[in-house]
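Chains as they are written, first to last, in the UniProt record's numbering: chain Y, 1 to 290; chain S, 1 to 192; chain B, 1 to 805. Glycine included, every Cβ here is placed at the ideal spot set by N, Cα and C.
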Amino acid sequence: MKPAPFRYADPRSVPEALEVLAAEEGAKVLAGGQSLLPLLSMRLAAPATLVDLNRVPGLDAVEVTADGVRVGALVRHAGLLAHDGAARVQPLLARATANVAHPAIRNRGTTVGSIAHADPSGEMTSVLALTGGSVSVAEPSGERAVGWQDLFVGPLETSLPSVAVVTSAYFPALPPRSGTAFAEVARRRGDYAVCGAGVVVTLDEDRRVAAVRASYVSVGLTPEVHDLTDAVAGAPVEKADWAAAGALARTLVDPDGDLHASADYRRLLVGVLTERTLIEAAAEAAGGFQ
Amino acid sequence: MTVSIDTERTVRLTVNGVPREATVPVRRLLSDALRHDLGLTGTHVGCEHGVCGACTVLVDGTPVRSCLVLAVQADGAEVTTVEGLARDGGRGGQVLHPVQEAFRECHALQCGFCTPGFLVTIAAGLEARDAAEEITEEEVDDLVGGNLCRCTGYANIKKAVRHAAAAMAVSAGTAAGPPAISAETAADGAVR
Amino acid sequence: MTTKLFGEPVRRREDARLITGRGRYLDDIGAGALAAAFVRSPHAHARIVDVDVDAALDVEGLVAIYTYEDLTGPLAEPLPVLIPHPQLTAPRTGYPLANGEVNHVGEPVVMVVATDRYVAEDAAERIAVTYEELPAVVGVDAAREARACVHEEIPDNVAARHHQETGDVEPALAASPHTLSFTQYVERSAGMPLEGKGVHARWDADDRSLRVHTSTQASTSVRAAIAAKLQLPLDQVEVVAPDVGGGFGVKIVHPWPEELLVPMAAIALGREVKWTEDRREHFVSSAHERQQRQEINVGFDDDGRITALDVHVWHDHGAYTPYGIIVPIITATQLVGPYVIPVYRVVVESVYTNTVIVTPYRGAGRPQGCFAMERTMDRIADVLGLDRAVVRERNLIQPSQFPYDHHLTFQDGRPVVYDSGDYPALLEKLKVLVGWDGIDALRDDAEARGRLLGVGMALYVEGTGPGPYEGGHVQVLGSGKVLVSTGLTTQGQGHETSFAQIVASELGVPIEDVEVTTGDTRRFPYAVGTFASRAAVMSGNAIALAARGVRDKALRIAADVLEADPGDLEIADGVVQVRGTPGASIPLRTVAVLSNPLRYAFDEAAKQATQFAVQASNDRPPVTPGDAPGLEHRDYYSPIRSTFASGAHAAVVEIDPATWEIDVVNYAVVHDCGNVVNPMIVEGQVLGGVAQGVGGALYERMAYDADGQLQNASFMDFLMPYASEVPDVVIDHQQTPSPLNPLGIKGAGEAGVIPGSAALASAIEDAVGRRITSMPISPTELYDLMRSETAERTAASGRRTGVGA
């Protein structure tokens with residue numbers, strides 16, 4: 001289990017990185033490497049060239065405004081997890097990141113890298129979707145934003161061209177009168193989730209349920225956001241039938257089975273985790289009124 | 001192009017306080033570079049896909065899986081391996097890190113293969129926390145939770161973490177002493 | 001105060017190097033060695049049509065490529081059947097490199113040697129092997145059905161039909177007031193040490209000697225195998241087991257192909273060669289264990305006492321049978337556990353499948369036997385509406401019945417005669433420890449929290465310390481240092497400490513002066529190996545006997561010098577002295593010097609033993625006839641039969657009825673391994689075993705697909721427990737010494753793992769009220785079971801809810 005030969009560059013700027021990506025056929029961007037290096041060692045991936053972003057200055061910032069959180073390409077999961085400002089504006093960031101693998105992996109792995117890796121069992125792809133986020137992509141022609149809907153094409157597959165660097169991810173702030181929660185069932189603590197659920201509950205000014213959205217981990221080929229509002233719309237927050245929302249969620253998802261869970265079991269968990277996270281998120285949203 | 005694209009690089013890094021240098025193919029994993037290029041075989045390789053944690057080392061003070069980092073990426077970094085946990089006690093002697101002491105005291109290792117990864121992870125974690133605060137079970141679980149051990153069943157590793165935390169509280173002057181391990185605690189070769 | 005260390009929790013002497021990174025494991029050896037890598041079969045069953053190495057030849061750094069065609073002499077023959085048995089009628093083993101056919105994914109086909117492992121893998125990747133695929137037989141049921149066969153000449157896939165019986169079972173069953181018959185399964189897992197296998201070989205062309213380091217549990221036998229296969233005189237081969245990063249049985253198998261091929265290449269190339277197994281290789285080319293289908297017929301009376309037991313097991317042994325039928329025999333004979341079984345018949349059909357070989361993994365057939373017996377007890381209790389503990393209690397062998405003869409033949413070819421034990425006391429302690437009689441209150445409490453709670457128990461008897469023998473050598477040097485060696489190997493059990501404790505206690509020396517070496521054929525060439533919980537029993541007793549021999553000799557020599565009767569002497573703190581006469585003493589190190597009459601004084605101490613310094617009797621030669629120079633002794637321990645340890649486990653589980661996640665909230669162990677050398681180490685063994693038992697019950701399995709591809713050959717998907725998955729364990733001890741050996745000890749290495757699946761299956765069944773017939777079980781499977789319309793409900797669950805079953 002040793003990587004096949006490759007060439008290596010560690011550019012000092014994004015334009016330099018793009019230059020190498022353009023010049024080298026079969027080049028791949030390396031950031032945290034916590035997903036890529038196992039693939040290299042197992043020789044399941046053998047890029048001709050690795051373009052290591054780690055020495056590009058300026059990509060390691062978490063920028064927080066009232067509108068949202070921008071996470072630079074070199075921000076490690078651990079850095080985001082510990083970022084109080086980010087958690088205040090968008091609590092899902094810390095809540096989901098806490099479920100990413102184990103601390104030593106979080107110390108090296110990057111949030112943006114796991115999004116660019118587009119693994120449907122990654123937490124942060126799901127959070128990007130749930131928050132309606134986007135990524136900022138540098139290409140030779142310039143920088144552009146790509147919304148999450150346009151980013152994820154399939155498992156481990158994005159719409160981005162080969163000569164492109166994702167420089168940051170943007171997670172819009174939690175809307176007012178809203179609460180969130182995130183929960184996972186994993187076989188072992190720190191494993192990829194058998195099923196994970198992130199939810200956002202938004203209330204109207206009368207403490208009635210206005211919107212309910214959910215996104216799941218390890219369910220489906222790409223991250224999706226499901227609107228569960230219909231099940232509970234207009235209900236006073238204390239009386240909303242969250243079980244009905246869970247039941248609705250079960251009808252909306254299309255999970256696959258694998259070694260660790262049948263499709264049916266995943267569907268079961270979607271319902272259970274939806275209900276449980278919604279209860280938590282609703283309480284948080286309601287708490288905002290006090 | 002101004003960017004150098006290489007198949008081999010000379011890597012300069014500080015390992016356990018000592019400046020070291022090695023010329024390696026760029027695909028060399030940091031774990032292999034430490035073990036085979038620099039001869040520091042205390043860091044062990046158990047899975048080479050980042051799950052077992054045996055290869056964990058500190059890069060600039062932070063625990064990372066050395067099998068999931070390329071050696072070239074550690075150029076310029078400070079790396080601490082299990083060989084660097086003990087402090088020089090003068091006259092050629094070594095003063096063990098409290099975590100090392102605790103592992104021995106609590107029988108927290110059997111075959112010893114996973115041990116280096118646990119030791120550096122726990123040492124870094126305990127050093128990063130306020131020694132005056134009594135360690136919680138949640139903290140203990142977090143410190144040991146990301147490494148696999150096939151021998152011990154972890155109970156004694158968790159015990160060692162609590163023991164080391166208490167010892168560090170003592171040396172920080174904030175507590176009376178580590179908890180008694182058992183009534184019949186005996187040191188290596190001597191019954192108390 | 002140093003010497004009475006037997007029984008003390010002495011801190012481990014090996015730890016000083018292991019916690020500072022100074023251990024020396026296989027891959028730490030041979031920094032400049034060439035590296036080997038292998039092309040392994042990607043198919044479960046195929047004929048090899050062609051091997052084309054051309055594309056690999058221009059890989060820079062390639063040194064050599066070997067295929068089957070390059071093997072000569074005995075190396076070109078099949079690997080040995082290590083443990084032949086008359087009932088193993090169709091044994092098959094592979095070749096070091098595949099000879100025209102592959103029988104499991106991972107079987108080695110080509111060996112590549114290169115300047116480093118990266119380059120070796122580059123070359124291996126370029127070698128093109130053309131296969132013609134054959135139908136794969138995967139799983140014990142497919143093997144049994146035999147629609148396809150693994151080895152052409154064995155159409156029924158049966159290698160052995162192991163059969164033992166203690167009476168006429170059919171009439172006994174017919175006469176039984178009640179009978180039950182059922183079928184159940186245990187899945188595959190593996191020992192999975194954190195360090196894989198590895199071999200390093202160095203050939204000295206000048207004196208034609210080979211030194212091999214290998215991460216093994218049996219260095220002396222690896223040595224013999226290498227000598228035989230490479231046609232080298234035994235004295236030119238040394239084999240050393242360095243620090244070994246866990247074994248759990250997988251490293252008892254030998255010679256692994258690599259243990260022959262790496263030395264072969266080192267000799268051919270005149271260079272050091274090393275192979276370090278990577279994790280993926282370990283999954284597909286080492287060994288697994290545990291899969292069985294068990295068909296059980298049991299007869300019992302109204303009180304739940306067993307009247308007859310008839311068990312038919314189908315045991316999946318994988319593609320080959322290098323380790324014979326040891327695992328089937330152990331299942332067959334250890335199944336009976338601590339119980340009186342008036343009439344017992346067992347048949348184990350050991351069948352071929354196109355999967356990795358099955359050889360002992362810690363427990364070695366015992367967990368399956370325990371699963372069969374203990375689940376039978378649970379079913380009897382359920383049918384009769386009795387407490388599961390009560391049914392067990394009524395069937396237990398009583399303390400007055402020892403030695404208890406089961407009239408079976410054990411894995412060592414010797415009778416299964418239990419030497420000692422107190423099973424009713426074990427059970428009683430267990431009930432107290434786990435709170436068995438108060439479980440309904442816990443159940444109600446859990447129910448109030450929306451959780452299902454259940455408790456289960458399982459008892460076992462474990463034959464430990466089988467022969468044929470082990471040896472020990474103890475030598476006191478003139479420096480006072482005491483060198484101890486034994487041939488068997490160490491994989492983390494702390495032998496350097498426990499054996500030193502034995503010697504310090506027997507000899508009366510400070511433990512700091514004792515240095516123990518294991519697994520090095522240069523130091524001790526006769527040994528069997530470390531398996532079957534035998535090291536402390538076998539080498540412990542051999543070393544004790546050797547130490548006693550040294551003590552006798554030391555007293556003899558000292559008596560001469562002190563002009564005293566040897567019977568009046570004692571040794572304490574490394575000093576021999578006349579009891580009750582302070583000052584009349586001589587240090588043991590001086591005795592050691594004097595034990596070797598010298599002509600030449602090579603140092604200060606030696607002067608004392610030179611011919612003009614010693615006032616010797618002119619009536620006898622300097623070395624007494626029948627004596628030998630040096631204060632050393634070698635002795636062996638060869639037991640009449642195995643000694644039988646025992647224990648009882650109980651588990652309390654809580655299950656989330658929404659997600660079907662299973663949480664082990666309490667795990668209790670009562671353990672009896674006779675006299676204990678070092679309780680800290682024994683407890684460590686138990687804790688580690690329990691973690692593997694829990695892993696095997698709830699997390700680990702080898703997930704083969706129908707084509708024989710192992711779907712989870714990584715630590716990502718083979719779910720070895722982290723700390724977060726291992727419950728807290730409470731342990732109570734009992735000591736019934738073995739009457740069979742001088743130290744009164746029984747083995748402790750495997751015990752912890754044995755009852756895990758049985759106890760947890762029982763607990764889960766208790767919690768959910770559905771019959772558990774297959775282990776391991778995961779939440780997704782439990783969910784399937786709970787919504788299955790055909791799943792059997794337990795009678796107990798019906799009684800609890802007031803609804804009939």
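Check	Outcome
Rounded separation between S:ASP88 and S:VAL140 - CA only	28 angstroms
Extent of the continuous beta strand (DSSP E) run through S:LEU109	Run containing S:LEU109: none; DSSP gives neither H nor E here.
B:ALA697 (DSSP reduced to helix, strand or coil)	helix
is_contact[Y:LEU156, chain S] using C-beta, thresh 9 angstroms	no
Contacts around S:SER122, its chain only, beta-carbon distance under 6 angstroms, and the 5 residues preceding and following it disregarded	According to the sequence as given, residue 122 of chain S is Ile; it is not Ser. The answer, listed in chain order, is VAL99, LEU143 and VAL161.
Selected residue, minimal CA-CA separation from S:ALA74, among S:VAL11, S:ALA164, S:ALA86 and S:ASN147	S:VAL11
Cα-Cα separation, B:PHE531 to B:GLN217	7 angstroms
Rounded separation between B:GLU781 and B:ASP656 - CA only	14 angstroms
Selection from B:LEU760, B:ILE252 and B:VAL109 that minimises the alpha carbon distance to B:ALA651	B:LEU760
Unbroken beta strand (DSSP E) run spanning Y:SER134, endpoints	134 to 139
Counted within 10 angstroms of its Cβ, other Cβ atoms place S:PRO25 as buried (16 or more) or exposed	buried
S:ALA155 at chain B interface by Cβ criterion, 9 angstroms	yes
Residues bridged to B:TYR25 [DSSP beta-bridge criterion]	B:ASP243
Identity of the residue in B:ALA448, B:VAL383, B:VAL112 and B:ALA748 nearest B:ASP58 by Cα	B:VAL112
Contact list for B:PHE715 against chain S, beta-carbon separation under 9 angstroms	GLY46, CYS47, HIS49, GLY50, VAL51, CYS52 and LEU148
Cβ of S:ALA190 within 9 angstroms of any chain B Cβ	Low confidence applies to S:ALA190: its pLDDT is 37, below 50, so where it sits in the model is not reliable enough to give any reading.
Three-state secondary structure assigned by DSSP to B:TRP275	strand
Distance between beta carbons of B:VAL262 and B:ASP316, contact taken as under 8 angstroms	At roughly 29 angstroms, the Cβ-Cβ gap does not stay under 8 angstroms, so B:ASP316 and B:VAL262 are not in contact.
9 angstroms Cβ cutoff, S:ASP142 in contact with chain Y	yes
Selection from B:GLN709, B:SER485, B:ASN99 and B:ASP437 that minimises the alpha carbon distance to B:ASP70	B:ASN99
C-beta atoms of S:VAL59 and S:THR43 nearer than 9 angstroms	no
Neighbourhood of Y:MET1 by C-beta, 7 angstroms cutoff - its chain only, sequence neighbours within 5 removed	SER41 and MET42
Contact set between the segment 178 to 208 of chain Y and chain B, restricted to residues whose Cβ is under 8 angstroms from the partner	VAL185, ARG187, ARG188, ARG189, GLY190, ASP191, TYR192 and VAL194
Contact set between Y:LEU268 and chain B, taken where Cβ atoms lie within less than 7 angstroms	TYR783
Limits of the unbroken alpha helix (DSSP H) element including Y:GLU16	14 to 23
9 angstroms Cβ cutoff, Y:HIS260 in contact with chain B	yes
Own chain residues within Cβ distance below 7 angstroms of B:GLY689, not counting five before or after	ARG362, GLU750, ALA751, GLY752 and VAL753
Cβ pair count under 8 angstroms reaching 3, the segment 190 to 197 of chain B against the segment 161 to 181 of chain B	no
Cutoff 7 angstroms; reference B:HIS254; Cβ partners in own chain excluding five residues on either side	THR216, ALA218, SER221, VAL222 and ALA225
Length of the line joining the Cα atoms of B:ASP513 and S:GLY92	21 angstroms
As assigned by DSSP and simplified to three states, the class of B:GLN398	coil
CB of B:LEU18 within 9 angstroms of CB of S:GLY112, strictly	yes
Whether B:ARG161 touches B:VAL358 by CB criterion (9 angstroms)	no
Under the three-state DSSP convention, the category B:THR2 falls into	With a pLDDT of only 42 at B:THR2, under the threshold of 50, the placement of this residue in the model should not be trusted, and no figure is reported.
For B:MET264 and B:LEU75, believed in contact at Cβ under 8 angstroms, the rounded distance	6 angstroms
Proximal residues to B:TRP203 (C-beta, below 6 angstroms), its chain only, five neighbours per side dropped	LEU210, ALA266 and ILE267
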